[in-house]
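Each remark here refers to the structure printed beneath this line.
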Amino acid sequence: EKDKCMKIGMNEFISKPFSKNELFDGIEIFIKEKIEKMNIEENKLNEEEHEIKRVKALYDYEIMDTPPEKSIDALTKLAQIICDTPICCVSLLDETRAYNKSMQGTDVSGAPKYFVFCKETIKRYETMEVENAKEDTRFHDFPHVHNDPFVSYYCGMPLRTPSGYNIGTLCVIDLVPKKLNDNQKLALETLANQVIMQFEMRKLIKELDISNKKNIELSKIKDQFLSNVSHELRTPLNAINGFTEILQKH
Numbered sequence: 001e002k003d004k005c006m007k008i009g010m011n012e013f014i015s016k017p018f019s020k021n022e023l024f025d026g027i028e029i030f031i032k033e034k035i036e037k038m039n040i041e042e043n044k045l046n047e048e049e050h051e052i053k054r055v056k057a058l059y060d061y062e063i064m065d066t067p068p069e070k071s072i073d074a075l076t077k078l079a080q081i082i083c084d085t086p087i088c089c090v091s092l093l094d095e096t097r098a099y100n101k102s103m104q105g106t107d108v109s110g111a112p113k114y115f116v117f118c119k120e121t122i123k124r125y126e127t128m129e130v131e132n133a134k135e136d137t138r139f140h141d142f143p144h145v146h147n148d149p150f151v152s153y154y155c156g157m158p159l160r161t162p163s164g165y166n167i168g169t170l171c172v173i174d175l176v177p178k179k180l181n182d183n184q185k186l187a188l189e190t191l192a193n194q195v196i197m198q199f200e201m202r203k204l205i206k207e208l209d210i211s212n213k214k215n216i217e218l219s220k221i222k223d224q225f226l227s228n229v230s231h232e233l234r235t236p237l238n239a240i241n242g243f244t245e246i247l248q249k250h
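At position 67 of the sequence shown the residue is numbered 67 (the working numbering), and the sequence of numbers has no breaks.
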């Protein structure tokens, strides 16, 4: 029995004598810890699987590292004005980094994923607001919080795809502590939905373009096929006509 206990990690139960109740209590605690560990490992696997699907949803738009687009820039400019902040971005997050598809008030095109507020925002379904990053233990050690440009305020809304994956955020940033009102947050949410609609339209146009090119190619193949068939049909017909003319002469 001692060997069996050691194999399953219950060494602590054989190192000293236990009363019956202590033994049962110890076994119950041991089982709970094992179940908790299994749940943690299962959740980790689920999170990893979700992250793989989330990043795939982002890549399906084929929008990372693409040039600025006026339709997206117009939305970030509007969010910047409504929220009265010096900085606004559409930030897209893959496995390792955040890429700013559109920027107002900054020329920073991206950053490591670990050092951006948006990595927390994409875990949510609503706006995430940080009124004073210097006092928030999640972010106060970030380089851009305690160094230039000394970011203090952040509010971001997840960019949620129709399939349910948060591929990035529409976020506003300030260098002083502040708080958005309900109307400003609603505007940010509405504009975030518009960003996703722009991405969807972009994707659809590309798919239609590919489909049209395929149709044109299929049309060329069909025309070539009909031309070949016509030629093959004409050849024996010409031979028959020629043979008929010879018979008529004789």
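Glycine included, every Cβ here is placed at the ideal spot set by N, Cα and C.
Three-state secondary structure (DSSP) at residue i?
i              : result
alanine 98     : strand
serine 71      : helix
methionine 64  : coil
isoleucine 196 : helix
valine 46      : This sequence places asparagine at residue 46; valine is not what is there. DSSP places asparagine 46 in helix when its eight states are reduced to three.
aspartate 174  : strand
proline 252    : Since the first and last residues shown for the chain are 1 and 250, residue 252 lies out of range.
glutamate 135  : helix
asparagine 147 : coil
glutamate 126  : coil
lysine 7       : Unreliable positioning characterises lysine 7 in this predicted model, as indicated by a pLDDT of 49, which lies under 50. The coordinate reading is nonetheless provided below. Lysine 7: helix per DSSP, three-state reduction.
leucine 180    : coil
threonine 106  : coil
threonine 85   : coil
tyrosine 153   : strand
Where does residue i land, buried or exposed, given buried means 16+ other C-beta within 10 angstroms?
i                 : result
arginine 54       : buried
threonine 169     : buried
lysine 7          : With a pLDDT of 49 at lysine 7, under the threshold of 50, the modelled position of this residue cannot be trusted, and the question is left open.
glutamine 104     : buried
phenylalanine 117 : buried
glutamine 80      : buried
asparagine 46     : exposed
Could you check the C-alpha separation between residue i and residue j for me, to the nearest Å?
i              : j                 : result
lysine 52      : glycine 164       : The identity of residue 52 in the sequence shown is isoleucine, whereas the question assumes lysine. Distance between the alpha carbons of isoleucine 52 and glycine 164: 13 Å.
aspartate 209  : asparagine 193    : 24 Å
proline 162    : leucine 186       : 19 Å
serine 102     : cysteine 89       : 5 Å
leucine 180    : lysine 32         : 44 Å
threonine 85   : phenylalanine 150 : 14 Å
glutamine 198  : glycine 110       : 21 Å
serine 152     : cysteine 83       : 15 Å
isoleucine 173 : alanine 57        : 26 Å
lysine 123     : asparagine 166    : 8 Å
glutamate 200  : proline 177       : 35 Å
histidine 50   : glutamine 224     : 47 Å
lysine 206     : serine 71         : 16 Å
cysteine 69    : aspartate 182     : In the sequence as displayed, the identity of residue 69 is glutamate instead of cysteine. Glutamate 69 and aspartate 182: Cα-Cα distance of roughly 29 Å.
glutamine 184  : cysteine 171      : 12 Å
Ignore the nearest five residues each way along the sequence and tell me which others in residue i's own chain have a CB closer than 7 Å to its CB.
i             : result
aspartate 136 : Val130
glutamate 120 : Met128 and Arg138
glutamate 189 : Thr127 and Met157
Report all residues from its chain with a CB closer than 6 Å to the CB of residue i; omit the five preceding and five following residues, and keep chain order.
i             : result
threonine 106 : Ile87
histidine 144 : Val151
Beta-carbon within less than 8 Å of residue i's beta-carbon, same chain only, minus the 5 sequence neighbours each way: which residues are those?
i                 : result
histidine 146     : Lys134 and His140
lysine 113        : Leu93, Asp94, Glu95, Thr96, Arg97, Ala98 and Lys119
tyrosine 59       : Asp94
lysine 203        : Asp60, Tyr61 and Glu62
phenylalanine 115 : Phe142, Pro143 and His144
asparagine 132    : Ser152, Tyr153 and Pro177
**Prompt:** Is the stretch 94-113 in contact with the stretch 57-73, if contact means three or more CB pairs nearer than 8 Å?
**Reply:** yes
**Message:** Does the stretch 146-159 come into contact with the stretch 186-205, if we say contact requires no fewer than three beta-carbon pairs (one atom in each stretch) closer than 8 Å?
**Reply:** yes
**the stretch 68-75 contacting the stretch 138-148, beta-carbon criterion three pairs below 8 Å** = no
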